[in-house]
Amino acid sequence: MIRERLQERLDRCFDQGVGKGFWSAAAAGRYAVEDPKQAAHGDFATNLAMVVAGLEKQKPREVAAHLLELLGDHGDLIEKAEIAGPGFVNFFIRETVWQSVLPELCRQGPAYGRSDIGQGRKVLVEFVSANPTGPLSVGHGRQAILGDAIARLLQHTGHTVTREYYYNDAGRQMRVLGESTRARYLEILGLPHQFPEDGYQGEYINDIARQLVKTRGDELKDEPAVQPFKEAAEQAIFADINATLARLGIVFDNYFNEHTLYDNGKIDAVVAALRDKGLVYEQDGAVWFRTTEFGMDKDRVIIKNTGEPTYRLPDIAYHLEKFRRGFDWMVNVFGSDHIATVPDVLAGIKALGCDDSKVTVVIHQFVTLMQGGKQVKMSTRKANFVTVDELLDEVGADVVRFFFLMRRAEAPLEFDLELARQQSQENPVYYVQYAHARLCSVRQQAEAKGVLRGRLEEAPVARLTTDEEIELLKALASFPELVSHAALALEPHRIIYFLQDLAGRFHGFYSRHRVISDDHELTQARLWLVEGLRIVFRNGLVMMGMTAPESM
RNA sequence: GCCCUCGUAGCUCAGGGGAUAGAGCACAGGAUUCCUAAUCCUGGGGCCGUAGGUUCGAUUCCUACCGGGGGCACCA
């Protein structure tokens, strides 16, 4: 907001400069309002003079002098503007501007930070998409939370979001799952059985088999088909996955079964369409897609010589379906192990006339669990992997969410179990939540003492003048812009960093200044500051799917 | 071999075409008659992987190389 006002001011000066012949219009749109790293360099800076000078073969500091001349009277926005360094113009914003942020923030309350930059655009966020072969692992957990946080960011910025879970219950994996279940079933009945070589060894298979014995007795002992076992397992596991997701506060709008693509002929339609464009051919009994036409090193099989499609074909059909359903933006959250599928799918939809720039793939790296400074080794197939449920049992949803959002997606995530378990200062989750609780506590103290905040319209914000207060106000002022940027970049970790930083600033302020004092006016002003901080902590935490406890 | 990704403080990581590169942890020391000490304050700590290139300016962009991770199936 404040940045925009400055930008507009600058643009006007730039145009006037063109009019006066100081410079040409060549630099229009090429200069920026930046955030200086150092406080001594002001609140904002512009590189306008250097950009213009570069294009016009002028001296940067002379251009900057012209700019200051055009700026003339500073108005109610700028306190001071000065030329610095190689030709920066640094701007110092009036304190009153920062102070005026507070009433507006408090007026907006829960809406502060929200925006309409999405303008209702329809966005599909696809994530988790794990086939129901077992409980969610920590890797899925990261993806679930990352995907959900991205969805939340988009919802907070005026996008119409659909969360979708894509799965396939027809593949080899699921067959092995059914066979594993059958083997356990027969085992419980004391009948001869053969456990599949690459079967699923988790205890949950036993649970499912036991349940099957309970409900069906031994009536399945001679069942030739794997189907009933598979179905029972799938159902149980899906219920389990959904329960885990619910514990995390994640609710999908839609579960898309790959099978529907076969049933309604979408798979065949893709092959036919590609064939029409001469992009498929047959060789060695298989059907190949000419991905080399799209810059790839070799062509790819889309239908095996067994007649079964490879994963690429349904993936392409699925994405075409997303386009058909009218989404303006399709966000896929994948683990880095699925990275190879991306180019094939993009090539497929592009070949069939879709705009692949509407698809954004967020690839996240793996999670390493750390215990006592050592890595916890995990194997999915074997029984020894840590599930999201176990993590939730240990540390709770807020901690799990926070830890999984602490790193940007492309960075590997080290999940320190010991740190996560600590209910203390060490744990960054509590550091942030404690700030919120403290703010609530101050509010309660004031109420208990009968100290009233007074009316918002009359809040004496001009009394907020200490460095700590102004810094807090600046941070609060930057929140909406931060949310917008985080949403468009699909980077929820920025919110986490912001909250940690804000918590640090608040705790610093708190230990140096008293909110409730004999100075009635100052107390009122600070109570409103407390209210503004409380709102932003709350909005930030809730936006990331976490709770904002009022006491700890 | 090819593709993707990462390389920033002892550790885990932010940042990012600009002016003196940050946080947390760890380490050392200190703060509580007073709104929650799950807090705060002070201190040391860095050829931003290496070498080139683009630029007025590169830790940031480009190229190559080195190192870690992931992928390169008629598995998903």
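Everything in the first sequence is counted per our numbering, starting at 50 for the first residue and increasing by one.
Glycine included, each C-beta is placed from N, C-alpha and C at the ideal position.
From a predicted model like this one, the values you see are computed outputs, not experimental measurements.
Nearest to residue i (by Cα), restricted to the options the options
{"i": "E283", "options": "A133, V591, D218, D447", "result": "D218"}
{"i": "A292", "options": "L362, A193, H542", "result": "A193"}
{"i": "P184", "options": "I352, Y249, A524, G158", "result": "Y249"}
{"i": "S178", "options": "G589, Y304, V300", "result": "Y304"}
{"i": "E246", "options": "V225, A258, G239", "result": "V225"}
{"i": "L173", "options": "R512, A335, R373, L151", "result": "R373"}
{"i": "N96", "options": "I127, D60, W147", "result": "D60"}
{"i": "M345", "options": "G397, L297, F376, D317", "result": "G397"}
{"i": "S73", "options": "M595, L441, G384, V100", "result": "V100"}
{"i": "P135", "options": "G103, M601, Q148, R201", "result": "G103"}
{"i": "H242", "options": "M223, L269, Q260, Y216", "result": "L269"}
{"i": "K129", "options": "K108, H115, F93", "result": "F93"}
{"i": "F301", "options": "V329, H368, Y216", "result": "Y216"}
{"i": "F63", "options": "A76, R52, I51", "result": "A76"}
{"i": "A116", "options": "E520, V67, I286, S385", "result": "In the sequence on display, residue 116 carries Leu and not Ala. Minimum Cα distance to L116 is reached at V67."}
{"i": "V112", "options": "H123, P541, G124, E131", "result": "E131"}
{"i": "D317", "options": "D267, Q56, I351", "result": "I351"}
{"i": "T211", "options": "G557, D256, I299, D165", "result": "I299"}
{"i": "E517", "options": "L488, V532, L548, H562", "result": "H562"}
{"i": "H123", "options": "F140, L468, P109", "result": "F140"}
{"i": "L297", "options": "L441, T515, I237", "result": "L441"}
{"i": "E570", "options": "N180, S560, V500", "result": "V500"}
{"i": "V138", "options": "L151, L120, S186", "result": "L120"}
{"i": "L369", "options": "P358, G402, F343, T341", "result": "G402"}
{"i": "T515", "options": "E342, R349, W147, T309", "result": "W147"}
As assigned by DSSP and simplified to three states, the class of residue i
{"i": "S566", "result": "coil"}
{"i": "S149", "result": "coil"}
{"i": "N381", "result": "strand"}
{"i": "P159", "result": "helix"}
{"i": "L401", "result": "coil"}
{"i": "N605", "result": "The chain is shown from 50 up to 601; residue 605 falls before or after that span and cannot be answered."}
{"i": "V31", "result": "With the chain represented from 50 up to 601, any question about residue 31 goes unanswered, as that position is not in the structure."}
{"i": "Q332", "result": "strand"}
{"i": "V425", "result": "coil"}
{"i": "T182", "result": "coil"}
{"i": "F141", "result": "strand"}
{"i": "I412", "result": "strand"}
{"i": "F376", "result": "coil"}
{"i": "P598", "result": "coil"}
{"i": "A232", "result": "helix"}
{"i": "A94", "result": "strand"}
Endpoints, the beta strand (DSSP E) within which residue i is located
{"i": "F338", "result": "335–338"}
{"i": "F464", "result": "462–465"}
{"i": "Y215", "result": "209–216"}
{"i": "Q419", "result": "Note on identity: in this sequence residue 419 is Met, with Gln being the wrong assignment. 416–420 is the span of the beta strand (DSSP E), which, as asked, contains M419."}
{"i": "R349", "result": "349–352"}
{"i": "A102", "result": "Looking at the DSSP string, A102 is not in any beta strand (DSSP E); the run it does join, the alpha helix (DSSP H), is 97–105."}
{"i": "A74", "result": "Per DSSP, A74 belongs to no beta strand (DSSP E) and is neither H nor E."}
{"i": "K86", "result": "Looking at the DSSP string, K86 is not in any beta strand (DSSP E), and its letter there is neither H nor E."}
{"i": "K129", "result": "127–133"}
Cβ distance (whole Å) where residue i is taken to contact residue j below 8 Å
{"i": "V416", "j": "G188", "result": "6 Å"}
{"i": "G190", "j": "V449", "result": "7 Å"}
{"i": "Y214", "j": "V585", "result": "Contact doesn't hold; Cβ gap of about 32 Å is too wide."}
{"i": "P461", "j": "Q414", "result": "4 Å"}
{"i": "T230", "j": "A281", "result": "7 Å"}
{"i": "M615", "j": "A486", "result": "It is not possible to answer for residue 615, since the shown part of the chain is limited to 50 through 601."}
{"i": "E175", "j": "N381", "result": "5 Å"}
{"i": "L582", "j": "L521", "result": "7 Å"}
{"i": "I502", "j": "E599", "result": "For the record, residue 502 in the displayed sequence is Arg; it is not Ile. Between E599 and R502 the Cβ distance is about 17 Å, and since that is not below 8 Å, they are no contact."}
{"i": "R201", "j": "G594", "result": "6 Å"}
{"i": "T341", "j": "D348", "result": "5 Å"}
Start-to-end residues for the alpha helix (DSSP H) that takes in residue i
{"i": "V444", "result": "437–444"}
{"i": "Q56", "result": "51–68"}
{"i": "L173", "result": "Segment 171–175 is the beta strand (DSSP E) holding L173; no alpha helix (DSSP H) there."}
{"i": "K371", "result": "361–373"}
{"i": "F555", "result": "542–561"}
{"i": "E111", "result": "109–120"}
{"i": "H189", "result": "187–205"}
Distance cut-off 8 Å: residue i Cβ against heavy atoms of the ligand MN
{"i": "D312", "result": "The ligand MN is absent from the structure shown, which contains no ligands of any kind."}
Beta strand (DSSP E) runs wholly inside the stretch 236–310, at least 3 long, in chain order: DSSP runs (the beta strand (DSSP E)) wholly in the stretch 236–310: 303–306.
Continuous alpha helix (DSSP H) assignments of at least 4 residues falling wholly in the stretch 466–539: If we require 4 residues or more, the alpha helix (DSSP H) runs fully inside the stretch 466–539 come out as 466–470, 477–497, 516–538.
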